[in-house]
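In our numbering, the protein residues as written are 79 to 338.
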């Protein structure tokens, strides 16, 4: 592993092609854009033309959803090599993936599925992350999951699991605040208690979406790259831009010069 995550410590948003013309019309007060890796694994075409133009102007975060880091099966080498080519092509400031599994016997499932927190899965996840970081030659950030079930065989609390994975592999963590609250709601636990024990010293990026308590998280974590995300009901560009600028006020002491 040689390239560490180095997004600017300010706000970014997920890139939506529908916003492309508005983004390029004038410089935007944003530190970075995030794209999903699997949307850009083809050889060329309009998606790459747009991403190339965006990359010339802004820092870039590549977020994967298909590596199946938590699977007990081997990683798909073809998928990993396509990811490697994508990262070599665009040299993003950050690459991240989910603590989840999403494939079985070469069948890709339309979900990010939870896994039991045991010593066996801990070793397997660490092995997969080592493989990814070696193949890419860069640090990977691991995102905490949104879960709707717990496994009776789990013996390690989720925060301890993430902390130990980071220690074993040297990967960073991506703290998704909405995932924390969704999981807490599903399991009848306290989101703020979860955050009290989270290893903020290992967090390299934060995802925000929908909770007033996020301000407290920023106060605890300090200035970090912070993605303002919408998965559904994506607003028009002026509204999205205004939301991101408002969030940037929380990080007003951060340096927002683009690393692109």
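Here a beta-carbon is modelled for each residue, glycine too, at the ideal position from N, C-alpha and C.
Query	Result
For residue 246, which residues of its own chain have a beta-carbon under 7 Å away from its beta-carbon, when the five flanking residues on both sides are left out?	204
Excluding the 5 residues preceding and the 5 following residue 170 in the sequence, name in chain order all residues of the same chain whose CB lies nearer than 7 Å to its CB.	138, 139, 140
What whole-angstrom Cβ distance do residue 195 and residue 239 have, given they're in contact under 8 Å?	5 Å
Run through the segment 243-319 for me and flag every whole beta strand (DSSP E) of 3 or more residues, listed as ranges in chain order.	250-254, 281-286, 304-306
Grouping DSSP H, G and I as helix and E and B as strand, with all else coil, what is residue 231?	coil
With C-beta atoms as the reference, is residue 142 less than 8 Å away from residue 181?	no
Mapping the DSSP letters down to three states, classify residue 89 as helix, strand or coil.	strand
Using the Cβ count rule (16 or more neighbours within 10 Å means buried), how would you classify residue 83?	buried
Take the Cβ of residue 222 as the centre, count every other Cβ of all protein chains shown within 10 Å, and call the residue buried at 16 or more, exposed below.	buried
According to DSSP, residue 168 sits in a beta bridge with which residue or residues?	Residue 168 is not bridged to any residue.
Do you know offhand how far residue 158's Cα is from residue 243's?	20 Å
So residue 140 is in the beta strand (DSSP E); what residue range does that whole segment cover?	137-141
Considering residue 203, what are the terminal residues of the alpha helix (DSSP H) in which it resides?	197-214
Below 6 Å CB to CB, which residues in the same chain sit around residue 214 once its five sequence neighbours on both sides are set aside?	162, 165
From the DSSP output, in three-state form, read off residue 237 for me.	helix
Of the residues 188, 278, 307, which one's Cα is nearest the Cα of residue 286?	307
Check whether the Cβ atoms of residue 113 and residue 129 sit closer than 8 Å, and answer yes or no.	yes
In chain order, what residues of the same chain have a beta carbon less than 7 Å from the beta carbon of residue 191, not counting five sequence neighbours either side?	178, 179, 180
When the Cα atoms are used, what is the spatial distance from residue 156 to residue 105?	37 Å
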